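Numbering (my numbering), first residue to last: 1 to 168.
Yeah, the Cβ is synthetic: ideal placement off N, Cα and C, and Gly gets one too.
Note that this is a predicted model, so its numbers are computed, not measured.
I have placed the structure first, in the form of structure tokens, so that the comments after it can refer back to it.
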Amino acid sequence: VASVACGVQFGWALQLSLLTPYVQELGIPHQWASLVWLCGPLSGLIVQPFVGHMSDRCASPFGRRRPYIVGGAAAISTAVLLVGFSADIGSALGDPGGGETRYRAIAVYLLGFWLLDVGNNTTQGPCRALLADLTGPSLLPFPPAPLLEIGTTPCLASPLASSVRKCP
1 VASVACGVQF GWALQLSLLT PYVQELGIPH QWASLVWLCG PLSGLIVQPF VGHMSDRCAS
61 PFGRRRPYIV GGAAAISTAV LLVGFSADIG SALGDPGGGE TRYRAIAVYL LGFWLLDVGN
121 NTTQGPCRAL LADLTGPSLL PFPPAPLLEI GTTPCLASPL ASSVRKCP
């Protein structure tokens, strides 16, 4: 489980370092490339709470978290193929060659980029929750909330938060 969570972090790192230069090669101007990065925060804002809610109530024979981890991994695999072959798919769909902007390739790239963010967010939350589920509270040297990165930031960031919510 930890290796899957580690893989997701490597995925985020590769996405940050490699995909902006690649989208510029497809013809998106540098000033517009930052708008592509809105996919991540927007998908995370929606996907992680939704997947967390659904995985907490999942009654699958494979467990509560594993179906979401497998689904997220499938989305990541599909996204990597879409992003990696976006120029080829765009050419097959009729994009012009040469130095022109390849709109079809950009559309395939954006679909893959968005799917990569959704897949990473779908996998990340259940991986962290599964680690906490498998470890159990009696084996943790500290409460599970810091492990899941839930609850500690508001408590450290604001004195008001400690009066509203009991901090771990």
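Using 10 angstroms around the beta-carbon of Pro-96, count the other beta-carbons present and answer buried if the total reaches 16, otherwise exposed.
For Pro-96, the number of other beta carbons within 10 angstroms of its own is below 16, and it is reported as exposed.
Kindly indicate which three-state DSSP category Ala-59 falls into: helix, strand or coil?
Coil at Ala-59, not helix or strand.
Is Thr-101 helix, strand or coil when you go by DSSP?
Residue state for Thr-101 is assigned as coil, using DSSP reduced to three classes.
Express the C-alpha separation of Ser-77 and Asn-121 in angstroms, rounding to a whole number.
Taken atom to atom, the span from the alpha-carbon of Asn-121 to that of Ser-77 is near 14 angstroms.
DSSP three-state label for Asp-133, please.
In the structure shown, the three-state DSSP call for Asp-133 is helix.
Please state whether DSSP places Ile-28 in a helix, a strand or coil.
The answer is coil: DSSP assigns Ile-28 none of H, G, I, E or B.
Check whether Gly-125 and Gln-9 have beta carbons under 9 angstroms apart
Contact flag unset, no.
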